[in-house]
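All residue numbers for the sequence shown refer to numbering that gives the first Met the number 0, where the first residue is 0 and numbers rise by one. What follows is a short report on a single structure.
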Amino acid sequence: MAVLAVREWGDPVLRQKARPVERVTDLHRSLIKDMIDTMRDVPGIGLAGPQVGVSERIFVYEHEGEAGALINPAITRRSEDKITSEEGCLSIPGLYYDVERATEVSVEGVDADGAPVMIEGAELLARIFQHEIDHLDGVLFIDHLPDEQRKEALRTLREQALGLVPPGPAHARGPGAGGAEEML
Numbered sequence: 000m001a002v003l004a005v006r007e008w009g010d011p012v013l014r015q016k017a018r019p020v021e022r023v024t025d026l027h028r029s030l031i032k033d034m035i036d037t038m039r040d041v042p043g044i045g046l047a048g049p050q051v052g053v054s055e056r057i058f059v060y061e062h063e064g065e066a067g068a069l070i071n072p073a074i075t076r077r078s079e080d081k082i083t084s085e086e087g088c089l090s091i092p093g094l095y096y097d098v099e100r101a102t103e104v105s106v107e108g109v110d111a112d113g114a115p116v117m118i119e120g121a122e123l124l125a126r127i128f129q130h131e132i133d134h135l136d137g138v139l140f141i142d143h144l145p146d147e148q149r150k151e152a153l154r155t156l157r158e159q160a161l162g163l164v165p166p167g168p169a170h171a172r173g174p175g176a177g178g179a180e181e182m183l
């Protein structure tokens with residue numbers, strides 16, 4: 000097992016739609032273990048393939064002390080009820096914004112053994128699933144922000160890329176710029 004490098008904003012892989020996994024192999028199972036190690040090391044509560052440079056539809060998550068993985072996930076149901084809560088992202092360090100998400104989702108996919116699974120997620124787990132599946136579609140959480148907040152986030156990211164401000168909570172912008180305890 001190994002800790003992998005997490006790709007950050009500006010890396011083209013984060014904007015690509017990840018390709019489906021045709022057949023789950025030992026390489027995928029090894030990748031899942033490495034992704035869980037990476038997620039825990041950073042630390043985070045979710046990590047998608049593109050975030051470690053693998054453009055395949057796979058993500059790992061941790062909820063209530065249990066780690067899991069989903070391959071070729073698809074949201075099959077979203078509740079009409081929404082909740083707005085602060086999100087951060089391992090690929091966009093130091094930025095935290097309130098994002099509206101469905102409070103409950105149903106997700107189907109396959110597990111690390113290639114067996115079909117269906118998981119019902121509520122509240123934080125639903126948020127994790129929606130955030131990570133967005134990554135698989137080349138969507139970042141800042142894409143869900145209202146125009147002015149998105150412009151502010153992009154301005155901060157450009158300043159960080161130019162070295163004008165260091166990344167991290169001390170220079171973060173956004174309503175919760177102090178930093179979320181858990182990042183997706």
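Note that the Cβ used here is the ideal one computed from N, Cα and C, for glycine as well.
- Pairing A114 with G87, the inter-Cα distance amounts to about 31 Å.
- Your pair A152 and L144 checks out as a contact, with CB atoms roughly 6 Å apart and the cut at 8 Å.
- Sequence-distant Cβ neighbours of G67 in its own chain, meaning closer than 6 Å and more than five residues away, are Y60.
- DSSP, read as helix, strand or coil, puts V51 in helix.
- Within the stretch 70–109, the runs of beta strand (DSSP E) that reach at least 3 residues and sit entirely inside it are, in chain order, 81–88, 91–101, 103–109.
- Residue state for L26 is assigned as helix, using DSSP reduced to three classes.
- The residue among V138, E158, S105, T155 with its C-alpha nearest the C-alpha of V12 is V138.
- S78 places its beta carbon 8 Å or farther from that of A17.
- Q129 has its alpha-carbon roughly 10 Å from the corresponding atom of G120.
- Beta-bridge annotation (DSSP): M117 is paired with E107.
- If you draw a 10 Å sphere on the C-beta of L26, you find fewer than 16 other C-beta atoms in it, and that means exposed.
- Taking the C-beta atoms as reference points, A73 is found no nearer than 8 Å to G45.
- DSSP, read as helix, strand or coil, puts L153 in helix.
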